[in-house]
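Visitor: Here the sequence shown is numbered in our numbering, starting from 18 and rising by one per residue. Built from N, CA and C at the ideal position, the CB exists for glycine as well.
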Amino acid sequence: MRRVLFVSWMLLLLVSCREIFEPEVVFVDFGFLVVEGNIEVGGNEDGLIRLSRTRSIYDSTASQTITNAEVWAESENGDRYFFIHNGTGNYLCQETIPFGQNYRLQIRIADGSAYTSAWLTPKRTPEIEEVYFEREEDEVFIYLDAAGGNESDYLFWSTREVWQFATPFTSFYRLDPDLGDLVVRDEVRNICFKEENGGNILLAETSRFENGKINRQMLTRIPEGSEKLGIRYSIEVAQRSIDVEAFEFWDIMRKNTDDVGGIFSPMPSIIPGNVRNVDDPEEPVIGFVGIGSTERKRIYINNGDVFPWRTQIPDYNNCVLQDTVLSFQFSTYFANDRFVALYGIETLDENLDFAIGYLTTTLFCGDCTLRGELQAPDFWEERW
C-alpha cells in the first residue's frame, strides 16, 4: 500500500512540475563608457584607444562603439597629442610622445561629457629575448623568454594569431554570365587567412623570478589536428611594462574570466579603472588606460614542423562532391552561386578537346573567402 501511495505522489509531482519557471528579468542598459588601449610613448608604434559603451547581455546588436569623440593625451606641460578616429571605434595617435613627463588621457564625447584618466608615468619595456615553440605528444606549446629591467616590475602580454587554411576542394572555374559558359578563374580561392586575438590575460611579476628573468612564459597551446597548423601559422606577441595599479586591474580581470564558473568558484570582483567622468566622479567607467613603450616579436610554424599531424576543420566535415554538371546545365546550375565547378570530365573521343561536364561542390566547400581572407596580411612572410 505504501508503495502505491509513493508512486501516486511521484506521478502527482511530475504532473505538477510541467510548467517552466522563468524568472522575471529587468532589462537595463546602463550604457557605461568603456575605455581600452594604450598611450604609446617612444615612437615604436601608434598609440590606440578604443571607445564603446556597455550593452545588455540580451542585446544581440553589434558593439556600441563611439565614433564622434575627441581624444588626446595631455602632458604635465600642457602639450597635446591627438588620437584620430579611424572609422571603427579606434582612435590612433601617430605623433611621437616623448618620455620624461607624466601624461593623462582626455576624452570629450559629442554630448558634452568629459572624461580624464589619472596622471600616468610611462615605462620603458625591455626587449623580448625569444619566442619559441615545443612540440609535445599531442600539443604544441608556445613560450616566451624575457628579461625585466629597472622599469619592468610587472609585464603584460597580448597575442595575435594568423594562419592559412585550405578548403577540401579547389575550384578552377567560374561561370561567365555573358557567355553562359565556364571560364578559368583569375584567382583560385582555396587558401585563405584567419586571424584571432589571444583571449587569455597574460601577466607576470618579475620580482618572483630569479634576477627578474622570465623563462618559459606560456603564451598559448595548439592541439594536434587544429586547423592553425594545417599550412602555416604565425603568432605575434606584444609586451608592455605596466605599473602596480595596472597589474592589479588585469589580475582581477584574469581571475574574473579564469576562475569564475564552478559552484565553489569566487564571485566576480568589482574592477576599478583609472578613467573618471570630470563632472561626475561617481559615474562608472569601465577599462584601464596603459602608457609606455611596446616591444613585439613574431614566429612562424609550418605544417612540416608537426608532421605527420593531420588537420581537421569541423566546418568542412560535411563537404562532398556534388553532381556532375553537363555543359547545357551551366547557366542554371551555377547562376545562384550555390555551387562551384572543380575540374572537367573529358570525353573518350580523341577528336573532341573539350570537357563534357564538370565535377562540383558547394560554394562553401570550394571558396575559402566564406570563412577567411584571401589577401595575406602585410607582415606575412611566405615560407622559403
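Please state the DSSP three-state secondary structure of Val205.
Guide: Walking along the sequence shown from the start, residue 205 turns up at place 188. Correct three-state label for Val205: coil.
Visitor: Mind reading off the beta-carbon distance from Ile124 to Tyr132? Whole number of angstroms is fine, and I expect it under 8 Å.
Guide: On the sequence shown, position 107 is the one that residue 124 refers to. On the sequence shown, position 115 is the one that residue 132 refers to. 4 Å between Cβ atoms; contact.
Visitor: CA-CA distance, Val88 and Pro301?
Guide: The residue labelled residue 88 in the question sits at position 71 within the sequence shown. The residue labelled residue 301 in the question sits at position 284 within the sequence shown. So the two alpha carbons sit approximately 19 Å from each other.
Visitor: Three Cβ pairs or more, each shorter than 8 Å: is that satisfied between the segment 151-168 and the segment 233-241?
Guide: yes
Visitor: Kindly list the residues whose CB is nearer than 7 Å to the CB of Ser224, restricted to its own chain and excluding five residues on each side of it in sequence; keep chain order.
Guide: Looking up residue 224 in the sequence shown gives position 207. Around Ser224: Asp170.
Visitor: I think Val292 touches Leu122, with their Cβ atoms under 8 Å apart; what is that distance to the nearest whole Å?
Guide: As a first step, residue 292 must be located in the sequence shown, where it is residue number 275. As a first step, residue 122 must be located in the sequence shown, where it is residue number 105. About 7 Å; that satisfies the 8 Å criterion.
Visitor: At a cut of 8 Å, does the segment 253-273 reach the segment 332-352 through at least three beta carbon pairs?
Guide: No: fewer than three Cβ pairs fall under 8 Å.
Visitor: Quick one, are the C-beta atoms of Ala358 and Leu199 less than 8 Å apart?
Guide: Looking up residue 358 in the sequence shown gives position 341. Looking up residue 199 in the sequence shown gives position 182. Yes, Cβ-Cβ distance for Ala358 and Leu199 is below 8 Å.
Visitor: Just to confirm my understanding: we take Trp180, look at its own chain, exclude 5 residues before and 5 after, and list those with CB closer than 8 Å. What are they?
Guide: Counting from one through the sequence shown, the residue named residue 180 turns up at place 163. Here the set comprises Phe210, Lys211, Glu244, Lys245, Leu246, Gly247, Ile248, Arg249, Tyr250, Ser251.
Visitor: Note down the Cα distance separating Asp275 from Phe356, rounded to an integer number of angstroms.
Guide: In the sequence shown, residue 275 corresponds to position 258, counting from 1. In the sequence shown, residue 356 corresponds to position 339, counting from 1. Going from the Cα of Asp275 to the Cα of Phe356 covers about 43 Å.
Visitor: Where are the alpha helix (DSSP H) runs, 4 residues long or more, that stay fully inside the segment 244-304, in chain order?
Guide: For the segment 244-304, whole alpha helix (DSSP H) runs of length 4 or above, ordered along the chain, are 261-275.
Visitor: Give me, in chain order, the residues of the same chain whose beta-carbon lies closer than 7 Å to that of Arg327; leave out the 5 immediate sequence neighbours on both sides.
Guide: For the purposes of this step, residue 327 is identified with residue 310 of the sequence shown, where counting begins at 1. Answer for Arg327: Gly242, listed in chain order.
Visitor: So, helix, strand or coil for Gly309, using DSSP?
Guide: One-based indexing of the sequence shown puts residue 309 at position 292. Strand.
Visitor: Assuming Thr187 contacts Gly383 (C-beta within less than 8 Å), just tell me the rounded distance between them.
Guide: As a first step, residue 187 must be located in the sequence shown, where it is residue number 170. As a first step, residue 383 must be located in the sequence shown, where it is residue number 366. With a Cβ gap of about 7 Å, Thr187 and Gly383 count as contacting.
Visitor: Return the Cβ separation of Gly117 and Ile83 in integer angstroms, given the expectation that the two are a contact with Cβ distance under 8 Å.
Guide: Locating residue 117 in the sequence shown gives position 100, counting from the first residue. Locating residue 83 in the sequence shown gives position 66, counting from the first residue. The Cβ separation is near 31 Å, so there is no contact.
Visitor: Taking a contact to mean a Cβ-Cβ separation below 8 Å, would you say Asn55 touches Gly307 in this structure?
Guide: Indexing the sequence shown from 1 puts residue 55 at position 38. Indexing the sequence shown from 1 puts residue 307 at position 290. Yes, the Cβ-Cβ distance between Asn55 and Gly307 is below 8 Å.
Visitor: Alpha carbons only, please: which of Asn85, Tyr149, Glu151, Glu93 is nearest the one belonging to Ala127?
Guide: Mapped onto the sequence shown, residue 127 falls at position 110. When only C-alpha atoms are compared, the closest one is Asn85.
Visitor: For Phe345, which three-state DSSP category applies?
Guide: On the sequence shown, position 328 is the one that residue 345 refers to. Of the three classes helix, strand and coil, the one that applies to Phe345 here is helix, per DSSP.
Visitor: Under a Cβ-count criterion, where at least 16 other Cβ atoms within 10 Å of its own Cβ denotes burial, should Lys140 be classed as buried or exposed?
Guide: Taking the first residue of the sequence shown as position 1, residue 140 is located at position 123. Under this definition Lys140 is a buried residue.
Visitor: Just checking: is the beta-carbon of Phe264 within a distance shorter than 8 Å of some beta-carbon in chain D?
Guide: This model lacks chain D altogether, as it is built from one protein chain only.
Visitor: Determine, using beta carbons only, whether Met270 and Ile218 come nearer to each other than 8 Å.
Guide: Residue numbering aside, residue 270 sits at position 253 when the sequence shown is read from its first letter. Residue numbering aside, residue 218 sits at position 201 when the sequence shown is read from its first letter. Taking 8 Å as the Cβ cut-off, Met270 and Ile218 qualify as a contacting pair.
Visitor: Determine the extent of the beta strand (DSSP E) in which Leu236 is found, giving its start and end residues.
Guide: As a first step, residue 236 is located in the sequence shown; it is residue number 219 there, counting from the start. Start and end: 230-240.
Visitor: What I want to know is whether the C-beta of Ile303 ends up closer than 7 Å to one or more non-hydrogen atoms of the ligand MN.
Guide: The ligand MN is absent from the structure shown, which contains no ligands of any kind.
Visitor: May I have the straight-line CA-CA distance separating Tyr108 from Glu53, to the nearest angstrom?
Guide: The residue given as residue 108 occupies position 91 in the sequence shown. The residue given as residue 53 occupies position 36 in the sequence shown. Their backbone Cα atoms lie some 10 Å apart in a straight line.
Visitor: Measuring straight from C-alpha to C-alpha, what distance separates Leu338 and Val148?
Guide: On the sequence shown, position 321 is the one that residue 338 refers to. On the sequence shown, position 131 is the one that residue 148 refers to. Taking the straight line joining both Cα atoms gives about 42 Å.
Visitor: Quick check on this structure: which residue in Arg315, Asp354, Gly129, Ala90 has the alpha carbon closest to the alpha carbon of Gln111?
Guide: Position 94 of the sequence shown, counted from the first residue, corresponds to residue 111. Selected option, being the one with the closest Cα: Ala90.
Visitor: Is DSSP giving Arg225 helix, strand or coil here?
Guide: Taking the first residue of the sequence shown as position 1, residue 225 is located at position 208. Arg225: helix per DSSP, three-state reduction.
Visitor: Roughly how many angstroms separate the alpha carbons of Gln392 and Asp297, rounded to a whole number?
Guide: Along the sequence shown, read from residue 1 onward, the residue named residue 392 stands at position 375. Along the sequence shown, read from residue 1 onward, the residue named residue 297 stands at position 280. Between Gln392 and Asp297, the C-alpha separation is close to 47 Å.
Visitor: Suppose only complete runs of 4+ residues qualify. What are the alpha helix (DSSP H) ranges in the segment 70-126, listed by chain order?
Guide: none
Visitor: Does DSSP classify Val179 as helix, strand or coil?
Guide: By one-based count along the sequence shown, residue 179 stands at place 162. Residue state, collapsed to three classes: strand.
Visitor: So Leu380 and Ile362 are supposed to be a Cβ contact under 8 Å. How far apart are they, rounded?
Guide: Mapped onto the sequence shown, residue 380 falls at position 363. Mapped onto the sequence shown, residue 362 falls at position 345. Wrong, their Cβ atoms sit about 20 Å apart, outside the cutoff.
Visitor: Quick one: what does DSSP say Asn320 is sitting in, helix, strand or coil?
Guide: Your numbering for residue 320 matches position 303 in the sequence shown. Helix, per DSSP.
Visitor: In whole angstroms, give me the CA-to-CA distance for Lys230 and Leu192.
Guide: By one-based count along the sequence shown, residue 230 stands at place 213. By one-based count along the sequence shown, residue 192 stands at place 175. Rounded to whole angstroms, Lys230 to Leu192 spans 60 Å at the Cα level.
Visitor: State yes or no: is the C-beta of Gly309 within less than 8 Å of the C-beta of Thr176?
Guide: The count along the sequence shown starts at 1 and reaches residue 309 at position 292. The count along the sequence shown starts at 1 and reaches residue 176 at position 159. Not a contact, by the Cβ cut-off of 8 Å.
Visitor: Could you check what DSSP says for Asp340 in three-state terms: helix, strand or coil?
Guide: Your numbering for residue 340 matches position 323 in the sequence shown. Correct three-state label for Asp340: coil.
Visitor: Where does Asp195 fall in DSSP's three states?
Guide: For the purposes of this step, residue 195 is identified with residue 178 of the sequence shown, where counting begins at 1. Correct three-state label for Asp195: coil.
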